[in-house]
Structure formats: C-alpha cells, structure tokens
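Chemist:
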Amino acid sequence: MERINLTQANTNSALLAKVTRESGQDISACYQCGKCTAGCLMAGAGDGGPRLVMRLLQFGLLDQVLSGKAIWLCAACGICTVRCPREIDVAKVMESLRRMARQTGQRPAEPAVAAFEDLFLTCVSRHGRMHELGVMVAHNIKTGRPFKDADLGQKLFFRGKLRLLPSRVRKVAAVKQLFARTGGGAA
Amino acid sequence: MKRIGYYPGCSLHATAVEFDTSLKAICQHFGIELVEIADWNCCGSSPAHNNDGFLAAALAGRNLVLAAEQGLEELVAPCASCFSRLKAAQHDLEHNEAWRAELEKRLQASYQSGVRIRSILDFLHAVIGLDALRDRIVGPGLAGLKVASYYGCLFVRPQEILGRQEQENPQEMDMVVNALGGQAVDWPFKTECCGNSLALARPDVAQRAIKAILDAALGVESDCIATACPLCHANLDMRQGRQGLKMSRALPVFYITQLVGLACGLPAKELGVDQHLVSTRSLLSAANLG
C-alpha cells in the first residue's frame, strides 16, 4: 500500500484551484471507489493510477502529482471518465495536470513520453504534417536507443509503409502561427 | 456520383497506406467520390491536446475552415484519432468564442460551423449503407470468418464530444461484419485502449495492453481482428510476434475497409492486405477471399 505523507498537505493551495479551473472538474467529488484505476492500462506501470492522483489532489499534494509518472503514462483513452460514478471527467483532470507539469518547466518523470510529444509537435510546426519515420528516428536518438525497432522499420519499408521524406503543407506558415501561445484558458 | 470530403491525416499517407487504398477502392466500387481537403494539415493528435488546448483546437480547426472554404459540407476522417480531434475542435470552436476569434484572426479566414464530420463506421452506415453492402457481396462474402471487431477508444469516447449512449459495447463494426456475411464475435475488449503512442515511448506498458487484447480475441477463437484506427492497427499488427507478444497463433488484423472490399470481391492486391506484418494469406485462401 502506498504511503502518503500528509505533513505537506495543503488544501488551500492556489495551484489546486487552478486544477479545478483548468479542468472544470470538482476534485472533492471523488469518493475513491477506484473504478478508474481498475480499468486503467497504466495503473500498474508507474507510481499509481488515477484514483491515487485524485486522492493526492484532495490532500493538496499537487507537487507530488506533477513530479510523478501517472500523468505522463496516461494514454488519454478516457475509460476512467466513462466509468466514474461521480461523473468526474478524470481524463480531463489528467490532461490539465500534464499541461500544468509542462508549465512548471521541471524534468518530466517519463522523459521518453515527453520527448515523443515534443518531437511530434516540432515536426508538425515545421512541415504542417507528422512525418512518422522522422519522428521515430529522432525519438530513438533523443532517448539514447538508436536501434530500437530498426528491424520493424526495415519490414515497414519493404511493405511500402514508410515515407522517407516528410509531406509538407503548402501554406506551412499558416500552420506555424497556430503554435504561438495564447496564455491558456480552458475550453 | 455522391461526393464527400476526405481528410486522410498523416498516417494514411504512410504506415496506414492500406487504409487509404482500401477506402478508395471501395468508394470507387460504390460510386462515391472522395474529395481530399486541399492543403490539409496534421490534426495535432494527442501531443497537441496534452500540451495546449488552443493549439489542439486550432490545428484540427484549420482543416474545418479549409473544408468549408472548399464547399465540403461533410467529410470522412477514417483515422480514429483524426476523427476525434476534428470533432473535439468543432465542439471547442463552437463553444469558445475567444478561441474561434483567435483562430480566425491567425488564419485571416472565417470559421463556418456545422461541417458534418463522419468516422469510417458512420460513413459505412450512413453514406454506403448496410443494405448496399449486403447487395454487393460476391458469393458467400465473409461467410465462415469469425471477426473480433475492435473499436479502441476514440470511436466511443469522450461522450461529451460524441454524445454516444453506448460506451462499452458498440455495435457499428459488428453490424458491418455481419452484413458482409461474416460472424462478429462477442468479446469483452472492444473498447479497451491499445496503449496509444506509449508503444514508442514505453513499449513495456503498451505491450501489456496489446497482449490483453490479442489474448481476448484468441480466447473467443476469432480468425482475425477488424480495426478502424491506424494506431490500433500498428500496435496489434506490427508489434504482434515481437518479444512478449508471441501468440499461440498469428492473428491477422484488417482494416474494416479491407474486409468490405474482400467481401465485395475486389482484388486483394488493391486492398493492401499484403502490406501487413502478420500474414493474411493463409486465412484468406482458406476463406476463398481475395
């Protein structure tokens, strides 16, 4: 059973209010039934699933959540939201937390996940489209596993499923300017 | 000839090229003209919405602006992720005036609401139609083939965007399989997540999800899996047979559009069934298909 150190708990944190504001979800509504974690594919892979994340938030332990693995391992599949009997959009909470973790500028607890997203978005800002081969190779280099899936790449190539050069949007400047930050705000 | 907008998305030009070719082949067969949105861009997929809400709405939203400018009132987005992001962007841009104004300012174009965005399953039901599918089956179609319909996450979730009631046991793909003469099996992993892009960043985590899905499909003695998402297909097909995913027998994974084409007697080559990593040949010859 995981231990939660309550000496740092801070239920009045302004940051916690930000989670509520960004996600539009009432964190206090969670009664810890655990249905979210029971159906979560990553719950056993990191340091706890969505139920624990919700509990930590209720205790105001936001830093622990933002520096943990759970928010990075969330595949955004949304099954937690479907099954929550309290109608909390748990996936939306995870998404908001991930954005907040980015804003803190700290090193992500799952660097390979963050690196994939960075490379994906860099590729889209540069070409307007995602170039699968380019992102895969860059990800291997960035995560220090240069030959990961190289055999797979070869098989895909011979089946005509790898495009060697990126496909480019004609008005790529129009796409690029969508990347400028707006200053946030939830939908 | 019926005309419908087409948003292929990045994968259908590369690792999911057979989803593109098989869709085009069946559209030609059923007399439907696909009009690709000119100069479309990436929908942003998960990396965009995990990082920045406006960016996600804007990237997908630009395609909706282009579709409207090009006179396309409806469009089909075969990739489940593209479909989901386009729908989410439409929802956000139609509920968030500030974002819509910001997008219009940056693109120097106006956003038109109401473009009808269809998933591939919606397209098969509403644009082609189950009766038309039944009418065009050649011979026994998929008779004797036990198919596990795998929907993944993004055809059914989130409810806020898609407004679906049935979240855990969808039937749309099963109905297509049955209309084609096949047998859609009842199984419990229809909407479980395949691990998404974790297959790249944390293969160990994705592997557990993939294995659970393949095990479940084998457990009900399916002959193959039907998918409608490039990433689901990549995870179930390309990763199958690799370390930790050596199954008791190989389980071919098809795009639903390939199964439509096969049942209608289109040549297997045109449907890209040889482009998968798990061979489909022995299954197809046993079923007299392709």
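Protein sequences appear in the order of chains A and B. Reminder that position 101 of the first sequence reads as 101 in this note's numbering, one-by-one numbering, no gaps. Reminder that position 94 of the second sequence reads as 1094 in this note's numbering, one-by-one numbering, no gaps. Even for Gly, the Cβ is constructed at its ideal location relative to N, Cα and C.
Taking M42 (chain A) as the query, report the chain B residues whose CB atoms sit under 7 Å from its CB, ordered along the chain.
Modeler: Going along chain B in sequence order, the residues near M42 (chain A) (Cβ under 7 Å) are V1205.
Chemist: Closest Cβ-Cβ distance between T104 (chain A) and chain B: below 7 Å?
Modeler: Not closer than 7 Å to any Cβ of chain B, the Cβ of T104 (chain A) fails to qualify, so no.
Chemist: By Cβ distance below 6 Å, which residues in the same chain neighbour L1142 (chain B) in space, the five residues on each side in sequence not counted?
Modeler: Closer than 6 Å at Cβ, skipping near neighbours: L1180, G1181, G1182 and A1263.
Chemist: Could you check the C-alpha separation between R1208 (chain B) and A75 (chain A) for me, to the nearest Å?
Modeler: Whole-angstrom Cα-Cα distance: 13 Å.
Chemist: With a threshold of 6 Å on Cβ separation, who are the neighbours of L983 (chain B) within its own chain once the five nearest residues in sequence on each side are excluded?
Modeler: Any question about residue 983 (chain B) goes unanswered here, given that chain B covers just 1001 to 1290.
Chemist: Roughly how far, in whole angstroms, is the beta-carbon of G1060 (chain B) from the beta-carbon of L1086 (chain B), given that I think they are within contact range, below 8 Å?
Modeler: Residue identity differs from the one stated: residue 1060 (chain B) is Ala in this sequence, not Gly. Sure, about 5 Å apart at Cβ, within 8 Å.
Chemist: Could you confirm whether any beta carbon from chain A is found closer than 7 Å to the beta carbon of C1193 (chain B)?
Modeler: It does: the Cβ of C1193 (chain B) has a partner Cβ on chain A nearer than 7 Å.
Chemist: Alpha carbon to alpha carbon, how far is L1245 (chain B) from R1239 (chain B)? Give it in angstroms, no decimals.
Modeler: Distance between the alpha carbons of R1239 (chain B) and L1245 (chain B): 7 Å.
Chemist: With DSSP run on the structure shown, which of helix, strand or coil describes P85 (chain A)?
Modeler: Coil at P85 (chain A), not helix or strand.
Chemist: A1080 (chain B): which of B:L1162, B:K1146, B:A1068 and B:L1066 sits nearest, CA to CA?
Modeler: Among B:L1162, B:K1146, B:A1068 and B:L1066, the Cα nearest to that of A1080 (chain B) belongs to B:L1162.
Chemist: Of all Cβ atoms in chain A, is any one closer than 7 Å to the Cβ of V1176 (chain B)?
Modeler: Output row for V1176 (chain B): interface = no.
Chemist: Scan the segment 51-81 of chain A for residues whose Cβ lies nearer than 8 Å to a Cβ of chain B and list them as they occur along the chain.
Modeler: Correct list: L73, A75, A76, C77, G78, I79 and T81.
Chemist: Taking 7 Å as the CB-CB cut-off, is A1058 (chain B) touching chain A?
Modeler: So yes, A1058 (chain B) belongs to the interface.
Chemist: For I1026 (chain B) versus V1177 (chain B), is the C-beta distance shorter than 7 Å?
Modeler: Not in contact: I1026 (chain B) and V1177 (chain B) (Cβ atoms no closer than 7 Å).
Chemist: For D1274 (chain B), which residues of its own chain have a beta-carbon under 8 Å away from its beta-carbon, when the five flanking residues on both sides are left out?
Modeler: Answer for D1274 (chain B): A1268, T1280 and R1281, listed in chain order.
Chemist: What are the boundary residues of the beta strand (DSSP E) that includes G1005 (chain B)?
Modeler: Per DSSP, G1005 (chain B) belongs to the beta strand (DSSP E) from K1002 to Y1006.
Chemist: Return the CA-CA distance between L1236 (chain B) and G39 (chain A), expressed in angstroms with no decimal places.
Modeler: The alpha-carbon atoms of L1236 (chain B) and G39 (chain A) are separated by roughly 19 Å.
Chemist: Ends of the alpha helix (DSSP H) at T37 (chain A)?
Modeler: Looking at the DSSP string, the run of the alpha helix (DSSP H) that includes T37 (chain A) is K35 to A38.
Chemist: Helix, strand or coil, according to DSSP, for S1248 (chain B) in the structure here?
Modeler: Three-state DSSP puts S1248 (chain B) in coil, outside helix and strand.
Chemist: Inspect the beta-carbon positions of P1252 (chain B) and V1220 (chain B) and report whether they are closer than 7 Å.
Modeler: No, the pair does not count as a contact, with Cβ atoms beyond the cut-off.
Chemist: Which one of B:I1117, B:A1089 and B:S1046 has the shortest CA to CA distance from P1078 (chain B)?
Modeler: It is B:I1117 whose Cα lies nearest to the Cα of P1078 (chain B).
Chemist: For the segment 1049-1099 of chain B, which segments carrying the beta strand (DSSP E) assignment without a break, of at least 3 residues, lie completely within its bounds, in sequence order?
Modeler: DSSP runs (the beta strand (DSSP E)) wholly in the segment 1049-1099 of chain B: 1074-1076.
Chemist: Quick one: Cα of G44 (chain A) to Cα of E110 (chain A), how far?
Modeler: Approximately 15 Å, taken between the alpha carbons.
Chemist: Going by C-alpha distance, which of A:K142, A:R51 and A:R129 is nearest V172 (chain A)?
Modeler: Checking every option, the nearest Cα to that of V172 (chain A) belongs to A:R129.
Chemist: Less than 7 Å between the beta carbons of I1037 (chain B) and L1012 (chain B), yes or no?
Modeler: No, they are not a contact pair.
Chemist: At 7 Å on the CB atoms, spell out the chain D contacts of K155 (chain A), in chain order.
Modeler: Given the protein chain composition of this structure (A and B), no chain D is represented.
Chemist: For T1015 (chain B), would you say it is in contact with chain A, using Cβ-to-Cβ distances shorter than 7 Å as the test?
Modeler: So, interface residue.
Chemist: Along the segment 1228-1243 of chain B, what residues have a CB closer than 7 Å to any CB found in chain A?
Modeler: Going along the segment 1228-1243 of chain B in chain order, one finds M1238 with a Cβ nearer than 7 Å to chain A.
Chemist: Could you give the C-beta distance for R1062 (chain B) and L1133 (chain B), rounded to a whole number, given that I count them as a contact under 8 Å?
Modeler: Not confirmed; about 34 Å, so no contact.
Chemist: Measuring only between beta-carbons, confirm whether Q177 (chain A) sits less than 7 Å from chain B.
Modeler: Closer than 7 Å to some Cβ of chain B, the Cβ of Q177 (chain A) qualifies, so yes.
Chemist: According to a CB-to-CB cut-off of less than 8 Å, which residues of the segment 1031-1061 of chain B neighbour chain A?
Modeler: Answer set for the segment 1031-1061 of chain B: D1039, W1040, N1041, C1042, G1044, S1045, S1046, P1047, A1048, H1049, N1050, N1051, D1052, G1053, F1054, L1055, A1057, A1058 and L1059.
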